[in-house]
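Per this note's numbering, the sequence shown starts with residue 18, numbered consecutively. Notes follow once the structure below has been shown.
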Amino acid sequence: MSKLATVLHGVGTVVCESQYQHADAEMATRNYHMTATQVATLAQRAAISRLVLFHLSDRYQPEESRQMLAEAQAIFRATTFPEHWRLP
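So, in structure tokens, the structure goes:
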């Protein structure tokens with residue numbers, strides 16, 4: 018992740034997949050995906066301006082997706098979902 022943080026350093030907006038919750042980190046690794054907390058940590062290390070999470074797994078209900086956003090925001094405050102997403 019440190020190499021990617023170096024490449025992304027100072028970028029304005031990063032749109033990144035966040036397929037899994039932190040609790041499912043092992044599954045994320047097994048399936049070559051990232052968790053919301055891993056992506057937020059990357060954003061923090063890269064000193065980007067804004068992080069947009071997308072490509073969440075369908076296994077999660079809307080409330081769980083909001084929890085993933087909260088997990089990421091606890092690490093990197095400027096994290097959002099795409100503007101057109103309207104989670105109930």
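Just so it is clear, CB atoms sit at the ideal spot from N, CA and C, and this is done for glycine as well.
Asked                                                                                                                                : Found
Within 10 angstroms of the Cβ of Glu100, are there 16 or more other Cβ atoms? Answer buried if so, exposed if not.                   : exposed
From the DSSP output, read off the bridge partner residues of Leu59.                                                                 : According to DSSP, which records beta bridges pairwise, Leu59 is partnered with nothing at all.
Mind checking which residues open and close the alpha helix (DSSP H) that includes Thr30?                                            : Counting along the chain, Thr30 falls outside any alpha helix (DSSP H), though it belongs to the beta strand (DSSP E) covering Thr30 to Glu34.
Does DSSP put Arg67 in a helix, a strand or coil?                                                                                    : strand
In whole angstroms, what is the alpha-carbon distance linking Glu80 and Ser66?                                                       : 26 Å
Which term fits Val24, buried or exposed, when burial requires 16 or more other beta carbons within 10 angstroms of its beta carbon? : exposed
Got a sec, what are the start and stop residues for the alpha helix (DSSP H) Ala22 sits in?                                          : Ser19 to Leu25
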